[in-house]
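For the protein sequence lines, the chains are A and B, in the order given. Our numbering puts the first residue of the first sequence at 1043, with every later residue one more than the last. Our numbering puts the first residue of the second sequence at 6, with every later residue one more than the last. Note that CB positions come from ideal geometry on N, CA and C, so glycine has one too. Structure, as structure tokens:
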Amino acid sequence: MPRLNAESLHRVSFKLNGRMVSGQAHARMLLSDFIRHVLGATGTHVGCEHGVCGACTVQIDGVPARSCLALAVQAEGADIRTVEGLAPAPDRLSLLQNAFRENYGLQCGFCTPGILMSLDALLRDRPDATEPEIRDFLSGHLCRCTGYGSIVKAALDAARKLREERERA
Amino acid sequence: MKPAAFDYVRAENIEEALDVLRQEGADARILAGGQSLVPMLSMRLAKPRVVIDIMHLPGLKRIETGGGMIRVGAAVRQRELERQADLGAQQPLLAAALPWIGHAQTRNRGTVCGSVAHADPSAELPLVLVALGGEIELRSRRRSRRVAAATFFAGMMTTDRKDDELVEAVRFPMARSGAGYAFREIGRRHGDFAIVACAAVVDAQRAQLAVGGVADRPVARQLPLPGDPALEDALDAFAWDLDARDDLHATATYRRQLVRRLGRQTLEEAARCRA
Chain A
1043 MPRLNAESLH
1053 RVSFKLNGRM
1063 VSGQAHARML
1073 LSDFIRHVLG
1083 ATGTHVGCEH
1093 GVCGACTVQI
1103 DGVPARSCLA
1113 LAVQAEGADI
1123 RTVEGLAPAP
1133 DRLSLLQNAF
1143 RENYGLQCGF
1153 CTPGILMSLD
1163 ALLRDRPDAT
1173 EPEIRDFLSG
1183 HLCRCTGYGS
1193 IVKAALDAAR
1203 KLREERERA
Chain B
6 MKPAAFDYVR
16 AENIEEALDV
26 LRQEGADARI
36 LAGGQSLVPM
46 LSMRLAKPRV
56 VIDIMHLPGL
66 KRIETGGGMI
76 RVGAAVRQRE
86 LERQADLGAQ
96 QPLLAAALPW
106 IGHAQTRNRG
116 TVCGSVAHAD
126 PSAELPLVLV
136 ALGGEIELRS
146 RRRSRRVAAA
156 TFFAGMMTTD
166 RKDDELVEAV
176 RFPMARSGAG
186 YAFREIGRRH
196 GDFAIVACAA
206 VVDAQRAQLA
216 VGGVADRPVA
226 RQLPLPGDPA
236 LEDALDAFAW
246 DLDARDDLHA
256 TATYRRQLVR
266 RLGRQTLEEA
276 ARCRA
């Protein structure tokens, strides 16, 4: 592959929430900035920008990861999911999102998109996730409003409903 | 908090990566999982002229076992090693330490070799590598060589790697029968950098303790076996010799005390786990 020059813009294409998207980025542009500023998907939030707070967490090829710890050019060809991809329709929340609403799992909402993307992946892999597992997974996210109790409650509620849904199916 | 400008090369084969390293030397940085390098770029602690992405090199994605070693290639993510079937039997120390590295969300991208190359003094994987007496495989256009972990880590984020060399793989010795292994760590929160981390290997004759987070690199030492009354003084001497410093997270006194207490607990746990 030719060297991507620092000064020029380069085309980056990947799948975002099931749709192919593309835009222009400098080699140094972070994936978080590319998603927000170039693609306009501002549901992904940016907090600390060095991988500590977890607000910018998205799913890259099916697993949760910090979008501020990846370069946009690294995401070429990847399958990326953001909070915008969770709801099944514009007027319907996903089961997990609804559990957050019902259990007061958010207050200001800044950390929520990242937490949802982590929990969505966790509960998909491990619908039987226990409270300690959920807490361990949430340790990758900072929330300064809730004290985490209501987030854990929402996650456990969502896990229970997902299991019920699975049993019915 | 935005990286300074750099060129980007997505290497398609290892020779291409090594050529750029040879040409650019210290102005080039290898990008694997990016969980250490990207924050360094964003904080402008690193300002390379070129970043070489090696995650697309298929030859580096392998985990191989053989010859008493687990060999982990440079593009293997921490999560992949963590999920390797039988890792707990192959090397229980590695299996115990992996969940302590950052968070699940960073282990999904961070690589094993990247953490070793980064050489943070409180990082878990360099500590495990030193505790087990593992090796680092380095490769450049000039030569390939293997370096023992104890000599590879030269100081705070400093290693024996030359500017034109790539960490191609790391080799963790597999579990020996008759040996027990244990890992313990104290940090402010799970996922934070360790204030003190301990890794112990104990068999019928010898006890070895490696300590991270205190000196400028992980340090291993042979100590009396748990139960030997000489252990207490030996741990105390080890704690002082590590030259602990005060910092934002803990005082030197607290770190020394953790080496004594956590060190003893880790050794005792390893002795209990002897197979």
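Q. Would you call the CB atoms of T70/B and A124/B closer than 8 Å?
A. Mapped onto the second sequence, residue 70/B falls at position 65. Mapped onto the second sequence, residue 124/B falls at position 119. Not a contact, by the Cβ cut-off of 8 Å.
Q: Decide yes or no for the touch test of the stretch 79 to 96 of chain B against the stretch 177 to 194 of chain B: beta carbon pairs closer than 8 Å, at least 3 of them.
A: yes
Q. Identify the residues that DSSP records as bridge partners of A225/B: which are they?
A. As a first step, residue 225/B must be located in the second sequence, where it is residue number 220. Answer by DSSP bridge pairing, in chain order: A215/B.
Q.
Let's test the definition: count the other Cβ atoms within 10 Å of the Cβ of K1195/A and tell me whether it reaches 16, buried, or not, exposed.
A. On the first sequence, position 153 is the one that residue 1195/A refers to. It is buried - the Cβ of K1195/A has at least 16 other Cβ atoms within 10 Å.
Q | Unbroken alpha helix (DSSP H) run spanning T1099/A, endpoints | A | Reading the first sequence from its first residue, position 57 is the one you call residue 1099/A. T1099/A -> not in any alpha helix (DSSP H); beta strand (DSSP E) instead, spanning 1099 to 1102.
**Q.** C-alpha distance - R148/B paired with D32/B, whole-angstrom precision
**A.** Position 143 of the second sequence, counting from 1, holds the residue named residue 148/B. Position 27 of the second sequence, counting from 1, holds the residue named residue 32/B. Cα-Cα distance, rounded: 20 Å.
(Q) I need the boundaries of the alpha helix (DSSP H) containing M45/B, first residue and last residue. (A) Taking the first residue of the second sequence as 1, we reach residue 45/B at position 40. Its alpha helix (DSSP H) spans residues 42 to 47.
Q: Rounded to whole angstroms, what's the CA-CA distance from L134/B to L1204/A? Just pull it up for me.
A: Position 129 of the second sequence, counting from 1, holds the residue named residue 134/B. Position 162 of the first sequence, counting from 1, holds the residue named residue 1204/A. Spanning the two alpha carbons is a distance of roughly 41 Å.
Q: Could you spell out the range, first to last residue, of the alpha helix (DSSP H) harbouring L1022/A?
A: Missing from the structure shown is residue 1022/A; chain A here goes from 1043 to 1211 and no further.
Q: Starting from A1054/A, trace the beta strand (DSSP E) both ways and give me its first and last residue.
A: Here residue 1054/A corresponds to residue number 12 of the first sequence, with the count starting at 1. What sits at residue 1054/A in the sequence shown is Val, not Ala. Start and end: 1052 to 1058.
Q: Identify the continuous beta strand (DSSP E) that holds C203/B and give its terminal residues.
A: For this step, residue 203/B is matched to residue 198 along the second sequence. C203/B -> beta strand (DSSP E) spans 201 to 207.
Q) To the nearest angstrom, how far is it from the Cα of R211/B to the Cα of H195/B? A) Position 206 of the second sequence, counting from 1, holds the residue named residue 211/B. Position 190 of the second sequence, counting from 1, holds the residue named residue 195/B. Taking the straight line joining both Cα atoms gives about 31 Å.
Q. Quick one, which of L86/B, P8/B, S145/B, C118/B has its alpha-carbon nearest P104/B's?
A. The count along the second sequence starts at 1 and reaches residue 104/B at position 99. Nearest C-alpha to P104/B: L86/B.
Q.
I want to see whether chain A comes within less than 8 Å of S47/B, judged by CB atoms only; does it?
A. Reading the second sequence from its first residue, position 42 is the one you call residue 47/B. Interface residue, yes.
Q. Hey, would you say A128/B sits closer than 8 Å to C278/B, going by beta carbons?
A. Counting from one through the second sequence, the residue named residue 128/B turns up at place 123. Counting from one through the second sequence, the residue named residue 278/B turns up at place 273. Not in contact: A128/B and C278/B (Cβ atoms no closer than 8 Å).
Q) Taking the DSSP output, what are the residues bridged to S1064/A? A) Translated into positions along the first sequence, residue 1064/A becomes position 22. According to DSSP, which records beta bridges pairwise, S1064/A is partnered with S1055/A.
Q.
Report the start-end ranges of each beta strand (DSSP E) in the stretch 75 to 151 of chain B that is 3 residues or longer and not cut off at the edges.
A. 140 to 144
Q. In three-state terms, what does DSSP make of I1176/A?
A. If you number the first sequence from 1, residue 1176/A lands on position 134. If DSSP states are grouped into helix, strand and coil, I1176/A belongs with the helices.
Q: Can you say whether C1153/A is buried or exposed, counting buried as having 16 or more other CB atoms within 10 angstroms of its CB?
A: The residue given as residue 1153/A occupies position 111 in the first sequence. So C1153/A ends up on the buried side.
Q | Where S47/B falls, given that 16 or more other Cβ within 10 Å makes a residue buried | A | Position 42 of the second sequence, counted from the first residue, corresponds to residue 47/B. Counting Cβ neighbours within 10 Å, S47/B comes out buried, since at least 16 surround it.
Q. Cβ atoms of A80/B and A37/B: under 8 Å apart, would you say?
A. If you number the second sequence from 1, residue 37/B lands on position 32. If you number the second sequence from 1, residue 80/B lands on position 75. Cβ distance < 8 Å, so A37/B and A80/B count as in contact.
(Q) Taking 8 Å as the threshold (beta carbon to beta carbon), is H123/B in contact with chain A? (A) Here residue 123/B is taken as the residue at index 118 of the second sequence, counted from 1. For H123/B, the answer is no, since every Cβ of chain A falls outside 8 Å of its Cβ.
(Q) Does P231/B pass the burial test, meaning 16 or more other C-beta atoms within 10 Å, or should it be called exposed? (A) As a first step, residue 231/B is located in the second sequence; it is residue number 226 there, counting from the start. Buried, by the Cβ-count rule.
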